[in-house]
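Residue numbers (the numbering used here), protein chains in the order written: chain A, 1 to 254; chain B, 1001 to 1253; chain C, 2001 to 2331.
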Amino acid sequence: MTVPALEVAGLTFCYPNGHPALEDLSFTVDVGERVALLGPNGAGKTTLALHLNGIHRAEAGSIAVAGTELTDTTLPEIRRRVGMVFQDADDQLFMPTVGEDVAFGPSNLGLKGTERDERVAEALAMVQAAEFIERSPHHLSGGEKRRIALATVLAMRPDVIVMDEPTSGLDPAGRRELADLLQTLDHTQLLITHDLPFALEVCPRSIIVSDGRVVADGPTPAILADTALLEAHRLELPFGFDPEFLTRRHRPAA
Amino acid sequence: MGAGHAHRLHVPGDTIVHRMAPEAKIVAAFAFVLAVAVTPRRAVWVFVLHGLLLACWIARAGLRPSLVVKRLAVIAPFVTFAFFLPFLAGGATTEVLGVSLSTEGLWGTWNVLTKSVLGATTSIVLASTTPVADIVRGLERLRVPALVTSVISFMFRYLDLITADLGRMRTAMVARGHDARWLWQVKPIASSAGAMFVRSYERGERVHAAMLARGFDGTMPTLDDRRASPAEWRMAAIVPMLAAVAALGGLLT
Amino acid sequence: MHAPDGFLTAATAVSTGVLSAGLLGLAARKASDELDDKQIPLAGLAAAFVFAGQMVNFPVAAGTSGHLLGGALAAILLGPGVGALVVAIVVVVQALVFADGGLTALGYNTLNMAIVPAFGGYAVFTFARKFLPSTAGGVVGATGIAALASVVLSATAFSIEWLFGAAAPVPFDTVFGAMVSVHLLIGIGEAVISAMVVSAVLAARPDLVAGARDLDRVALSSARKIPMRAFVVGALVVSLGVATVVSQFASGDPDGLERVAEDEGFVDTAEDHALGNSVFADYATSGVGNESLSLAIAGAGGTLLTLAVGYGVFRTVSGVPGRRAAHELAG
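See below:
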């Protein structure tokens, strides 16, 4: 049996005000899988993401990345292996220029000089944004910012990429470019979203989290076709989207 | 006082002043202003020399004099105060247009006026020829503590986002008929400022999380290895050296 | 308050520069206790907030407007160390990037606009809270008092620096009287807006108000609204009180300081100062037996006079006070 890329077991977390955010949450993701984590607002998706590289620490349960359990000693290594792309790219891009921002992670890994410059160039090339290296992040479009935020974690050569609401604030073209880009990367990916068509396009598998628990886990077309399940957890396909189409289109593959 | 802050002063260009290493430029600006500040008020000819040196900088930087004059408006409140000095100060008096004014006060006005104009013009030349990121880099290379330079850098990164936020809140208020004219109608503005603080703080927390996620350990990495060459330092030193010599001449006579 | 170059002597500029740098070093150490490793992003965002906050114009009277200085507010929201550091950084950037305030004036500008209002304002805040209920309302009230006091303290600090390094022999009393009375008016605006900002933050995220960390949820929710007009009246009363206290301050110490200044040769024309032109200058020689009492009268009288003149000006300028906007809103 191969070691899963990401293993979450019995994760429990309460907000400072005592309200439970995650309750006994468990799932695994295999190497190279692209998984959508679906759920309504307030379901605990972002809280979960913040646990995956140790920004929040679990009260109970464990997280393991490629077999390495998250502890105080493994924290720096876990943070390198799990690349977090935050919901608001402006939170992630804080340095004066794109190049310096992409260099921030590798610098924290202790890289210097040409080695660091190579990492920056490599990561920007992967997201087709090499020409932005000298630009200030402030004047970029939403789609460009998102791609560069992705580059800032790619520069750390992570095994797992976690993206929080990757499509929020993107125009349709930006969304299309991001979907294409993510499918070219062979990293294990966990995409936290409530953009169901995006999940369908990019991720073969989906997990629904609601009230801090996993309530469904399976092939994305099957999950999205289950109207009763979606409705029970405040998820909705866009108007005019026919669930029948899902099963038809994906039947040969499934 | 706050009006001038909405836009940056940087004027893009590719002149010898623009290309000067920022750390050398900052030191040169400080040294020049210091030379001006120690010049005795009665050494009028020295101030003329200072002015000419500064004019050289402005000319080499290709800045329009009208632009510099317009930006000098920031010193207006204090210069206005300076014009009251002859009326308020004591000591010997001089008749000017039939009004008896304090001689010391008149010299005080002259002193504040020349020094503040020369000083502010120097800052304007510095800010007009150096992008903000370079000023921060220059401060870093001058060994200003990383805490201070990184706070400045963060401040500039998020200032526009915060002001844009605030602008939208203001528009939303005006759109619903808000037109405060008296202090006791200030509440919506204060509440929006409070909301702005909460949003800024929460963004700070999110940025901190994003930094931790990429291995931040409390110290900012140094990304900049370049230093000004001795030749650049010598070039930057010319104007402040001349000004210092002139100031010394003024002190000795 | 962004004084340009040459406003005070070079010696004052250098000595305040050294003083400010030392105090900011202490503030930075205190700041790292207050924020630990979050300090860089949080202080950066707080600096952006203070910078943006200084651009917010708020109405004073009859459509005229002022803007926030923010020293006390920053100290109350962030803690005095972070507050002083953040406002000082804003002042430095304004000089370097916006030519607002002289480069050689940075020493006294950071002292007057950041260090004195943040630490002084916070001290007044802590003191005022002892006399106010431990509720959100008490914190808001203490903020108003602290903000008003911080602006007056700034003006006082400037006046004292003027005493040591004036650009012209204007008597201390004149500068002090003018600075404090003008800043009392500015301070009322500062008090009202700072208090309401703190009140808004207490309502949304009470944990973000450093000066109210001791309050529990019960104390916070028992907040009573403070009516706006009552607040303004309260601020006036406080400013009268401040004027009275400040005038006492003016009686003894600055004379002592002036003597030091004369002895040390800092003030070359100090002999002129004793006969200031100010109406309320140098009450010790005015023949009123009780020096303290006469100074208190002078301080309070000065404030009332300033307010009366201010009110008269605003009335004349505005015609019908305050009704227009109200009608427009109602209509």
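Here a beta-carbon is modelled for each residue, glycine too, at the ideal position from N, C-alpha and C.
*Test item: CB-CB of ASP2173 (chain C) and GLY1119 (chain B) under 8 Å*: If you check the CB distance, ASP2173 (chain C) and GLY1119 (chain B) do not come in under 8 Å.
_Between HIS19 (chain A) and chain B, is any beta-carbon pair separated by less than 8 Å?_
No - not a single Cβ of chain B is within 8 Å of the one on HIS19 (chain A).
*Compare the beta carbon distance of ILE2115 (chain C) and GLY2211 (chain C) with 8 Å and say whether it is the shorter of the two.*
Taking a C-beta distance under 8 Å as the contact criterion, ILE2115 (chain C) and GLY2211 (chain C) do not qualify as a contact pair.
*Please name the residue in A:ALA58, A:HIS19 and A:LEU48 whose C-alpha comes closest to that of VAL209 (chain A).*
Here the closest residue by C-alpha is A:LEU48.
_Per DSSP, what are the beta-bridge partners of GLY218 (chain A) in this structure?_
Beta-bridge pairing links GLY218 (chain A) to A:SER206.
*Which residue or residues does DSSP assign as beta-bridge partners of THR1093 (chain B)?*
THR1093 (chain B) is bridged to B:SER1102.
_Going by beta-carbon coordinates alone, are LEU1251 (chain B) and PRO1040 (chain B) separated by less than 8 Å?_
Their beta carbons are under 8 Å apart, which means LEU1251 (chain B) touches PRO1040 (chain B) by this criterion.
*Just reading off the beta strand (DSSP E) that SER26 (chain A) is part of, what are its end residues?*
20-29 is the span of the beta strand (DSSP E), which, as asked, contains SER26 (chain A).
_Going by beta-carbon coordinates alone, are THR220 (chain A) and CYS203 (chain A) separated by less than 8 Å?_
The criterion of a C-beta distance shorter than 8 Å is satisfied by THR220 (chain A) and CYS203 (chain A).
*Out of curiosity, what's the CA-to-CA distance linking GLN183 (chain A) and PHE198 (chain A)?*
So the alpha carbons of these two residues sit roughly 12 Å apart.
*Quick one: is LEU1161 (chain B) near chain A, going by C-beta distance under 8 Å?*
Closer than 8 Å to some Cβ of chain A, the Cβ of LEU1161 (chain B) qualifies, so yes.
*Please report how far the alpha carbon of VAL1136 (chain B) lies from the alpha carbon of PRO1221 (chain B), in whole angstroms.*
The straight-line gap from Cα to Cα measures roughly 14 Å.
*Could you say which of A:ASP217, A:HIS233, A:LEU196 and A:ALA216 lies nearest to PHE241 (chain A) if we only look at CA atoms?*
Looking at the Cα atoms, A:LEU196 is the closest of the given residues.
*asked:* I'd like to know whether the C-beta of HIS1208 (chain B) is nearer than 8 Å to at least one C-beta of chain C.
replied: Taking Cβ atoms only, chain C reaches closer than 8 Å to HIS1208 (chain B), which makes this a yes.
*Return the chain-ordered list of same chain residues with a C-beta closer than 7 Å to the C-beta of THR2344 (chain C), the five sequence neighbours on each side being excluded.*
Since the first and last residues shown for chain C are 2001 and 2331, residue 2344 (chain C) lies out of range.
_Pairwise C-alpha distance: THR97 (chain A) and GLY142 (chain A)_ = So the alpha carbons of these two residues sit roughly 16 Å apart.
*Is the Cβ-Cβ distance between PHE1078 (chain B) and PHE2049 (chain C) less than 8 Å?*
In this structure, PHE2049 (chain C) does not lie closer than 8 Å to PHE1078 (chain B) by Cβ.
*Can you tell me the Cα-Cα spacing of PHE2125 (chain C) and VAL1151 (chain B), whole angstroms?*
Those two C-alpha atoms are separated by around 26 Å.
*Between the Cα of ALA1213 (chain B) and the Cα atoms of A:GLU231, A:GLY39 and A:GLY54, which residue gives the shortest distance?*
For ALA1213 (chain B), the closest alpha carbon among the candidates A:GLU231, A:GLY39 and A:GLY54 is that of A:GLY54.
_Would you say THR1122 (chain B) lies against chain C (beta-carbon separation less than 8 Å)?_
Under the Cβ criterion of 8 Å, THR1122 (chain B) is counted among the residues facing chain C.
*Excluding five sequence neighbours on each side, which residues of the same chain lie with their C-beta closer than 7 Å to the C-beta of LEU1085 (chain B)?*
If we look at LEU1085 (chain B) and ignore the five residues flanking it on each side, its Cβ neighbours are GLY1105, GLY1108 and THR1109.
_ARG2129 (chain C): contacting residues in chain B (beta-carbon distance under 8 Å)_ = Taking a Cβ-Cβ cut-off of 8 Å, ARG2129 (chain C) has no neighbours in chain B, whose nearest Cβ is about 19 Å from it.
*Does VAL2309 (chain C) come within less than 8 Å of chain B when only Cβ atoms are used?*
In this prediction, VAL2309 (chain C) has a pLDDT of 48, which is less than 50 and means its spatial position is unreliable; nothing more can be read from the coordinates.
*asked:* Alpha carbons only, please: which of B:LEU1053, B:ALA1228, B:ILE1238 and B:MET1173 is nearest the one belonging to ALA1024 (chain B)?
replied: When each option's Cα is compared against that of ALA1024 (chain B), the closest is B:ALA1228.
*Taking any Cβ of chain A, which residues in the region 1190-1219 of chain B have a Cβ under 8 Å from it, in chain order?*
Within the region 1190-1219 of chain B, the residues whose Cβ lies closer than 8 Å to some Cβ of chain A are ARG1203, ARG1206, VAL1207, ALA1209, ALA1210, MET1211, LEU1212, ALA1213, ARG1214, GLY1215, PHE1216 and ASP1217, listed in chain order.
*Answer with yes or no whether the minimum CB distance from VAL1099 (chain B) to chain C is below 8 Å.*
Cβ-Cβ to chain C under 8 Å: no for VAL1099 (chain B).
*Leaving out five residues on either side along the sequence, give the residues of the same chain with a beta carbon under 7 Å from the beta carbon of LEU1113 (chain B).*
So the qualifying residues of the chain are VAL1079 and ALA1082.
*asked:* Going by C-alpha to C-alpha distance, which of C:ALA2099, C:ALA2046, C:ALA2146 and C:ALA2155 sits closest to LYS1070 (chain B)?
replied: Closest by C-alpha distance to LYS1070 (chain B), out of C:ALA2099, C:ALA2046, C:ALA2146 and C:ALA2155, is C:ALA2099.
*Euclidean distance between Cα positions of ARG1206 (chain B) and ALA1073 (chain B)*: Answer to the nearest angstrom: the Cα atoms are 38 Å apart.
*asked:* Here's a check: name, in chain order, each residue in its chain whose Cβ is nearer than 7 Å to the Cβ of PRO2031 (chain C), leaving out the five neighbours to either side.
replied: The amino acid at residue 2031 (chain C) is misidentified as Pro; the sequence shows Ala. Hits under 7 Å: GLN2039, ALA2043, GLY2081, VAL2082 and LEU2085.
*asked:* Quick check: is the beta carbon of GLN92 (chain A) nearer than 8 Å to any beta carbon in chain B?
replied: Yes, its Cβ sits closer than 8 Å to a Cβ of chain B.
*Along the chain, where does the alpha helix (DSSP H) that runs through LEU2026 (chain C) open and close?*
Per DSSP, the unbroken alpha helix (DSSP H) holding LEU2026 (chain C) starts and ends at 2010-2035.
*Please compile the residues from chain C whose C-beta is within a distance smaller than 8 Å of the C-beta of PRO1145 (chain B).*
In chain order: ALA2028.
_Selection from A:LEU154, A:GLU144 and A:ALA151 that minimises the alpha carbon distance to PRO171 (chain A)_ = Correcting the residue identity first, residue 171 (chain A) is Asp in this sequence and not Pro. The residue from A:LEU154, A:GLU144 and A:ALA151 with its alpha-carbon nearest to that of ASP171 (chain A) is A:GLU144.
*Should VAL1044 (chain B) be labelled buried (16 or more other beta-carbon atoms within 10 Å of its own) or exposed?*
Around the beta-carbon of VAL1044 (chain B), fewer than 16 other beta-carbon atoms lie within 10 Å, marking it exposed.
_LEU2073 (chain C) and SER2154 (chain C) closer than 8 Å at C-beta_ = Contact: no.
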